[in-house]
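If you number the sequence shown the way our numbering does, the last residue is 158 and the count never jumps.
What follows is a single structure, written as structure tokens, with notes after it.
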Amino acid sequence: KLAEGVAQVQDFTLAMHTNFKDVDFADDTLSPTSKHPTADGWDLTWSYSDLVSGFQIGMTMPEKLQPGPLAGEISYFAPVSLFFFFFLMFIITTLRSIDLHPMNYFFLAAAFFAFHLLLAYLVDHISIHAAMIISSV
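Take a look at the structure:
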């Protein structure tokens, strides 16, 4: 951290070598003045002869994506699509004079919620694609 607020730095050089390719810079930080790819990462250099800035120098480390929040959002809004599906089924079966037993609706709802519960559980343990396929079967 250079300083609190705005700071002045003279003859400043910072060299950083990373062993990963996914480099990102946080909001309100200075990007490097030179960036060169290497076999396993990057060589980053911040070099300033005279710098007056209120921004810091920083880099965000790569993180494994967490699919849990996505699965949580999908499961949170699952009842909306289920009720929409039941509404359409009710209209179509009424228009075509098809009699469905109420237990059919119960089994459809149970399968629907079982899919979302299994997806929300599996997505933390395996890839989201495999979890979607397993939950769908």
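Positions of the beta carbon are idealized from the N, C-alpha and C atoms, including for glycine.
Tell me whether S118 counts as near the ligand FAD, meaning its Cβ is closer than 7 Å to at least one heavy atom of that ligand.
Summarising the ligand content, the structure contains no ligands, and the ligand FAD is consequently not present.
Whose C-beta lies closer than 7 Å to the C-beta of G26 among residues of the same chain, with five residues either side of it excluded?
Sequence-distant Cβ neighbours of G26 in its own chain, meaning closer than 7 Å and more than five residues away, are G75.
Identify which residue in F41, L116, I147, D48 has its Cα closest to the Cα of T59.
Nearest C-alpha to T59: F41.
Under 8 Å, with one C-beta from each stretch per pair, do the region 129 to 143 and the region 67 to 86 reach the 3-pair mark?
These segments do not touch.
Identified DSSP bridge partners for S55
DSSP output for S55 lists T66 as bridge partner(s).
Just to confirm my understanding: we take H38, look at its own chain, exclude 5 residues before and 5 after, and list those with CB closer than 8 Å. What are they?
Around H38: T59, G62, W63, D64, L65.
Which residues in the same chain have their Cβ closer than 6 Å to the Cβ of S68, if we skip the five residues on either side of it in sequence?
In chain order, T34, T54 place their CB closer than 6 Å to the CB of S68, counting only its own chain and leaving out the 5 sequence neighbours on each side.
Where does the unbroken beta strand (DSSP E) through T159 begin, and where does it stop?
Coverage of the chain is limited to positions 22 through 158, which leaves residue 159 absent and any answer about it impossible.
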